[in-house]
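Participant: If you scroll down you'll find the structure; I have some questions about it.
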Amino acid sequence: MQVNSKTVAQLVLSVVGVCSLSLPFAQTAQAGEVRSLCGKYDSTFVAAETKNFLVSICGGDTPHNYVGLDKKTGKKISLPLTVNGAKNRGRYFEAVNGEYTYGVTVSSTNKNLTVKRNNRTILREAIVRGF
92 MQVNSKTVAQ LVLSVVGVCS LSLPFAQTAQ AGEVRSLCGK YDSTFVAAET
142 KNFLVSICGG DTPHNYVGLD KKTGKKISLP LTVNGAKNRG RYFEAVNGEY
192 TYGVTVSSTN KNLTVKRNNR TILREAIVRG F
């Protein structure tokens, strides 16, 4: 077979097409790899990972708790939810600890962890895997 620039271009486009078709499947597989921080007998409603944190929304029949883990320090926090997703189709969850508010958004266009101190955003990280 003679190789010319047209053949090379077709080969490159074929490989790119296959890679772009397989990308969504790779992302779906990664979503299942995020470790849930929920207890043994809890249901996991959200298990997600940001650059620096693991977060889970846990409960029974409905979401009840926010659990967060700092990947650098290993510190973990578990708080009751003040917004449990029931009124927003499971797209936003919130927990309050004194002057700190932890929010997890998992809508189709916005997936992030937000931490506010006295209503001022001090951290916003995109969810990179899971939910």
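Residue numbers (the numbering used here): 92 to 222.
Backbone N, C-alpha and C define an ideal beta-carbon position, used for all residues, glycine too.
All figures in this text were calculated on a predicted structure; none of them were measured in a lab.
#1: Below 8 Å CB to CB, which residues in the same chain sit around G151 once its five sequence neighbours on both sides are set aside?
#2: Keeping to the same chain, check which residues put their C-beta closer than 8 Å to that of D161; ignore five residues upstream and five downstream.
#3: Quick one, which of K202, R211 and N175 has its alpha-carbon nearest T192's?
#4: Here's the rule I'm using: 16 or more other beta-carbon atoms within 10 Å means buried, otherwise exposed. How should S198 be labelled?
#5: What are the boundary residues of the beta strand (DSSP E) that includes F184?
#6: Which same chain residues, not among the five before or five after A186, have their C-beta less than 7 Å away from its C-beta?
#7: If you draw a straight line from the C-alpha of K131 to the C-alpha of I213, how long is it?
#8: Using 10 angstroms around the beta-carbon of R215, count the other beta-carbons present and answer buried if the total reaches 16, otherwise exposed.
#9: Classify E190: buried if its beta carbon has 16 or more other beta carbons within 10 angstroms, exposed otherwise.
#10: If you count every other CB in all the chains shown that lies within 10 Å of the CB of V219, and 16 or more means buried, which is it?
Facilitator: On the basis of the supplied data:
#1: For this step, residue 151 is matched to residue 60 along the sequence shown. So the qualifying residues of the chain are D133 and S134.
#2: Reading the sequence shown from its first residue, position 70 is the one you call residue 161. Closer than 8 Å at the Cβ level, and outside the excluded window around D161, lie N143, F144 and K167.
#3: Taking the sequence shown and counting its residues from 1, one reaches residue 192 at position 101. Selected option, being the one with the closest Cα: R211.
#4: For this step, residue 198 is matched to residue 107 along the sequence shown. Exposed, since its Cβ has fewer than 16 Cβ neighbours within 10 Å.
#5: In the sequence shown, counting from the first residue as 1, residue 184 sits at position 93. Element bounds for F184: Y183 to N188.
#6: Sequence index remark: in the sequence shown, residue 186 carries index 95 (1-based). Closer than 7 Å at Cβ, skipping near neighbours: Y157, L170, P171, L172, T173 and Y193.
#7: Mapped onto the sequence shown, residue 131 falls at position 40. Mapped onto the sequence shown, residue 213 falls at position 122. Using only the alpha carbons, I get a separation of about 32 Å.
#8: Position 124 of the sequence shown holds residue 215. With fewer than 16 other Cβ atoms from the protein chains shown falling within 10 Å of its own Cβ, R215 counts as exposed.
#9: As a first step, residue 190 must be located in the sequence shown, where it is residue number 99. Looking at its Cβ environment, which holds fewer than 16 other Cβ atoms inside 10 Å, E190 is exposed.
#10: Mapped onto the sequence shown, residue 219 falls at position 128. A residue is called buried once 16 or more other Cβ atoms fall within 10 Å of its Cβ, and V219, having fewer, is exposed.
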